[in-house]
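One structure is given here, and the rest of the page talks about it.
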Amino acid sequence: MAVEKVDTAGLTDQELLDVYYKMLLTRALSQRMRVLQRMGKGTFAVSAEGHEGAQVGSAYVLRPGQDWTVPYYRSVGVAVTVGMTARDVMMAFFARRDDISSGGRNMPNHFSHRELRIVSGSAPVATQVPHAVGIALASKLRGLDEVTFVYFGDGATSKGDTHEAMNFAGVHRLPVVFICENNSYAISVHISKQMAVENVSIRAQGYGFPGVTVDGNDVLAVYRAALEAHQRARAGEGPTFIEVKTYRLAPHSSDDDDRRYRSREEVEAWSQREAIVRFRALLQELGLLNQEKEESLNRRVAREVDEATDYAEQAPPPDPATVFRHLYAE
Amino acid sequence: MAVKTLIEAVREAMAEEMRRDPRVIVFGEDVEEGGVFRATEGFVQEFGRERCFDTPLAESAIVGVAIGASLNGLLPIAEIQFADFIWPAVDQIINEAARIRWRSNGAWGCPIVVRAPYGAGIRGGPYHSQSVESVFAHVPGLKVVCVASPYDAKGLLKAAIRDPDPVLFFEHKRAYRLVREEVPEDDYVLPLGQAAVKREGKDITLVSYGMMAQHALKAAERAAEEDGIQVEVIDLRTLRPLDSETVLASVRKTGKALVAYEDNLFGGYGAEIAALIAEEAFDYLDGPVTRLAAPDVPISPFSPALEDAILPGEENVLEAIRRLAAY
Ligand SMILES: Cc1ncc(C[n+]2csc(CCOP(=O)(O)OP(=O)(O)O)c2C)c(N)n1
Chain A
1 MAVEKVDTAG LTDQELLDVY YKMLLTRALS QRMRVLQRMG KGTFAVSAEG HEGAQVGSAY
61 VLRPGQDWTV PYYRSVGVAV TVGMTARDVM MAFFARRDDI SSGGRNMPNH FSHRELRIVS
121 GSAPVATQVP HAVGIALASK LRGLDEVTFV YFGDGATSKG DTHEAMNFAG VHRLPVVFIC
181 ENNSYAISVH ISKQMAVENV SIRAQGYGFP GVTVDGNDVL AVYRAALEAH QRARAGEGPT
241 FIEVKTYRLA PHSSDDDDRR YRSREEVEAW SQREAIVRFR ALLQELGLLN QEKEESLNRR
301 VAREVDEATD YAEQAPPPDP ATVFRHLYAE
Chain B
331 MAVKTLIEAV REAMAEEMRR DPRVIVFGED VEEGGVFRAT EGFVQEFGRE RCFDTPLAES
391 AIVGVAIGAS LNGLLPIAEI QFADFIWPAV DQIINEAARI RWRSNGAWGC PIVVRAPYGA
451 GIRGGPYHSQ SVESVFAHVP GLKVVCVASP YDAKGLLKAA IRDPDPVLFF EHKRAYRLVR
511 EEVPEDDYVL PLGQAAVKRE GKDITLVSYG MMAQHALKAA ERAAEEDGIQ VEVIDLRTLR
571 PLDSETVLAS VRKTGKALVA YEDNLFGGYG AEIAALIAEE AFDYLDGPVT RLAAPDVPIS
631 PFSPALEDAI LPGEENVLEA IRRLAAY
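Chain order of the listed sequences is A and B. Residues in the first sequence are numbered consecutively from 1, following the working numbering. Residues in the second sequence are numbered consecutively from 331, following the working numbering.
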């Protein structure tokens, strides 16, 4: 039977369905935030639509609370895979007092969760990359079994911080994995104006560690690459650079109109082969997903996102009197 | 008590803290070999290359990596070889180190120290002489120290290393071997955010920091001897948080304020002090709040003739004291 030949990367049936569920949740949260922003219920939204394979596939390798995650603003799928809830995401979207990421101080999608070791980030592109290297340096110096995954886009590969960080990590052979979600655009700037190479992963060679390019529409291929990088890091073999070729199906953010710089045909073509569609077909082939199961999963996701939205919408905003708190240690 | 130079005091503070707390590490350019000013001399021998190591020549990464390491339980001291080269790391310092606690609503903290030699008067030219403190003192979330006094340096650096927040620790490089003071061998910590009244006086309040505070003390002695003017000299030591109480209390007593700093006059740190005094002690003033600083040209020209022409020193301070006293 053809089904027997499918390589499921060592994931159990349960785990495969869990990966799928997290991809659906990522999609639904991203869509919901976009819609809410257009309804005027929030001022800003960033979507991970199209990046689900890259994000869930890689982050599924992480051991929550033990490994470190240094995300970027598009990392909805990374955050929910490591353990943040739909509520956590929505509380940040509405900038609520009890938003775990920042208490409404940082923009939405700037995920932070100390217990889950998801590190607070900023908006300047690529500044998080050296942080990941520092975290990994500490893991190594302290002799701890920890791996750090850091996420960024293709635009971020042009920044000095990315270069400085990768070089540092290479010299010190640190347990860190650099994951570039290459979606061909940095807002409107096409990849051809960002770099003169076909695969940016080739740069890893210049830092003395392996770089691989994987198809972000194949969530299991991403998972396999991340697992291998994770194992290398744990074995003391140093960093890996994973370039995941993916595509963002939505505009850059709620402030962007992507019709100005890319054709609808291009978007349509990518949406035909995007990771969720492809993984769904695989799960069906494996007999893990039928229509009934699919519907029940979708209902579960919708329920969760509805509940999270209602909860966050009604949650109190931060108290203005607290704005000076936490500038310094208390 | 032994008499020590500034660089010895800095080295001693770091070594003592590294002995006391295994989480303290130091890294930067050339630190394994002792550093270009020899602040980490002997550290590799005593602490090993795990705790004192050379980094690639990349200032943003030096600070960015320090931030990351601090998030994962270490207490890094990041050495920037000269303050003039700190600019590539400004993004990491201002956007990251200063904001991470605030932006995470207190969940994360960033206990790093960024040390850098700063200041002119060593014939270093325009790229080994800069005063960079005002940029950082402007930023909420940072703490900023400027020292030239060995005694202050040791106690304050220890406080900086133990502090849970990011501290920029600027050491005046002209003072490294020039300024000598008695420095206790034992463990003492001077609190950040506390100015020192280094000389008492009733006629003029002279607010300063770094090497200018050293010039100020000498000028004040001469003003007393030669003119009978009693100058109260305040060395701020910590620029942020600012000990405004000490400054204001002194101005309320003397009624005259002179602010002396080595940086360019325009928009320099002393402007903040002048504004503070004008706002909070206006009723006590008996003359204009006066600033003495370098003129607005790049600090410093390499030629001694040019550097000496622009760099304020003891003579300029004395002159400014006399002018203000006569007002
Ligand atoms: C240093 C810096 N420059 C510019 C911006 C504005 N900006 C925000 S996102 C972005 C594009 C980033 O693209 P990429 O790294 O490819 O990630 P993507 O958004 O495509 O996932 C830009 C230019 C910024 N945030 N930081």
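Every residue gets a Cβ at the ideal spot worked out from N, C-alpha and C, and that includes glycine. Quick caveat: nothing in here was measured; it's all calculated off a predicted structure.
Test: residue i CB closer than 9 Å to a CB of chain B
i        : result
Met1/A   : Because Met1/A sits at a pLDDT of 44, beneath the cut-off of 50, its placement in the model cannot be relied upon, and the following sentence gives the value as read from the coordinates. With 9 Å as the cut-off, Met1/A does not count as an interface residue toward chain B.
Asn167/A : yes
Asn106/A : yes
Ala331/A : An answer regarding residue 331/A cannot be provided, because it is not within the stretch 1 to 330 covered by chain A.
Asp88/A  : no
Arg173/A : no
Gly333/A : Since the first residue shown for chain A is 1 and the last is 330, residue 333/A is missing from the structure and cannot be characterised.
Arg273/A : no
His190/A : no
Residue-level contact to chain A via CB, residue i, 9 Å cutoff
i        : result
Ser574/B : no
Val395/B : yes
Gly358/B : no
Thr588/B : Before going further, note that residue 588/B is Leu rather than Thr in the sequence given. Judged by the 9 Å Cβ criterion, Leu588/B is not in contact with chain A.
Lys473/B : yes
Pro693/B : One cannot answer for residue 693/B here, as it falls past the ends of chain B, which runs 331 to 657.
Glu409/B : no
Glu347/B : no
Ile714/B : This structure leaves residue 714/B out entirely; chain B is present only between 331 and 657.
Arg350/B : no
Asp533/B : no
Ala490/B : no
Within chain A, the residues that residue i reaches when beta carbons sit closer than 8 Å
i        : result
Gly439/B : Ala329
Pro514/B : None at all; the shortest Cβ gap to chain A is about 27 Å.
Ala554/B : Result: empty, since nearest Cβ-Cβ is about 39 Å, beyond 8 Å.
Asp376/B : Inspection of the sequence shows that residue 376/B is occupied by Glu rather than by Asp. Within 8 Å Cβ-Cβ: nothing; Glu376/B doesn't reach chain A, min ~16 Å.
Asp421/B : Pro124, Thr127 and Asp161
Glu602/B : Those do not exist, as Glu602/B stays about 18 Å from chain A at its closest Cβ, beyond 8 Å.
Glu380/B : Leu141
Under 8 Å by beta carbon: chain B residues contacting residue i
i        : result
Ser120/A : Ile430, Arg433, Ser434, Ala437 and Trp438
Val133/A : Ala391, Gly394, Val395 and Gly398
Contacts of residue i in chain A (Cβ-Cβ under 7 Å)
i        : result
Thr385/B : Phe168
Asp495/B : Tyr328 and Ala329
Glu362/B : Within 7 Å Cβ-Cβ: nothing; Glu362/B doesn't reach chain A, min ~13 Å.
Pro642/B : Correct list: empty, because the minimum Cβ distance to chain A is about 33 Å.
Interface flag, residue i vs chain E, CB-CB below 9 Å
i        : result
Asn402/B : Looking for chain E here will not work: the only protein chains present are A and B.
Close Cβ partners of residue i (< 6 Å) along its chain, the five nearest in sequence each way excluded
i        : result
Ser30/A  : Ser47, Ala48, Glu49 and Val76
Tyr457/B : Asp414
Met542/B : Ala590, Tyr591 and Glu592
Pro418/B : Glu389 and Ser390
Val563/B : Lys528, Arg529, Leu536, Ala546, Leu547 and Ala550
Thr148/A : Trp68, Ala132, Ile135, Ala136 and Val176
Val301/A : Leu24, Leu25 and Ala28
Pro316/A : Arg97
Ala339/B : Pro480, Ala483, Lys484 and Val513
Cys440/B : Ile397, Ser400, Ala427, Ile430 and Pro496
Ile607/B : Val581, Ala587 and Val619
Glu343/B : Checking the displayed sequence, the identity of residue 343/B turns out to be Ala instead of Glu. Cβ within range, chain order: Lys484, Leu487 and Lys488.
Phe168/A : Val133
Val119/A : Val70
Chain-ordered neighbours of residue i on chain B, where CB pairs are closer than 9 Å
i        : result
Glu294/A : Ordered by position in chain B, no residue passes the 9 Å Cβ test against Glu294/A, which lies about 37 Å from the chain.
Glu164/A : Pro386, Ala388, Glu389, Ser390, Ala391, Ile392, Gly394, Val395 and Pro418
Sequence-distant residues of its chain with Cβ nearer than 8 Å to residue i (five each side left out)
i        : result
Asp517/B : Glu346, Arg350 and Lys488
Glu237/A : Arg173
Arg325/A : none
Contact list for residue i against chain A, beta-carbon separation under 9 Å
i        : result
Asn425/B : Ser122, Ala123, Pro124 and Thr127
Asp414/B : Neighbours of Asp414/B on chain A: none; closest Cβ ~18 Å, over 9 Å.
Contacts around residue i, its chain only, beta-carbon distance under 7 Å, and the 5 residues preceding and following it disregarded
i        : result
Val333/A : For residue 333/A there is no data in the structure shown, the boundaries of chain A being 1 and 330.
Tyr679/B : Residue 679/B is absent from the model: chain B starts at 331 and stops at 657.
Ala624/B : Glu592, Asp593, Asn594, Leu595, Ile640, Leu641 and Pro642
Gln66/A  : Glu146
Val305/A : Ala28, Leu29, Arg32 and Ala86
Proximal residues of chain B, C-beta to C-beta of residue i below 7 Å
i        : result
Ser201/A : Correct list: empty, because the minimum Cβ distance to chain B is about 20 Å.
Asp218/A : Chain B residues near Asp218/A: none, gap ~31 Å exceeds 7 Å.
Asp67/A  : Within chain B, no residue comes near Asp67/A; the closest Cβ sits about 11 Å away, beyond 7 Å.
message: Runs of 4 residues minimum, wholly inside the stretch 489 to 542 of chain B: which ones carry the alpha helix (DSSP H) assignment?
response: If we require 4 residues or more, the alpha helix (DSSP H) runs fully inside the stretch 489 to 542 of chain B come out as 505 to 508.
message: I'd like the ranges of any beta strand (DSSP E) spanning at least 3 consecutive residues and lying wholly in the stretch 351 to 384 of chain B.
response: Restricted to the stretch 351 to 384 of chain B, the beta strand (DSSP E) segments that are unbroken, complete and at least 3 residues in length are 354 to 358 and 382 to 384, listed in chain order.
- prompt: Counting only runs that start and end within the stretch 213 to 256 of chain A, where is the alpha helix (DSSP H) found for 4 or more residues in a row?
  reply: DSSP runs (the alpha helix (DSSP H)) wholly in the stretch 213 to 256 of chain A: 219 to 234.
field: Complete runs of the alpha helix (DSSP H) confined to the stretch 414 to 495 of chain B [at least 4 residues]
entry: 430 to 433, 463 to 467 and 480 to 492
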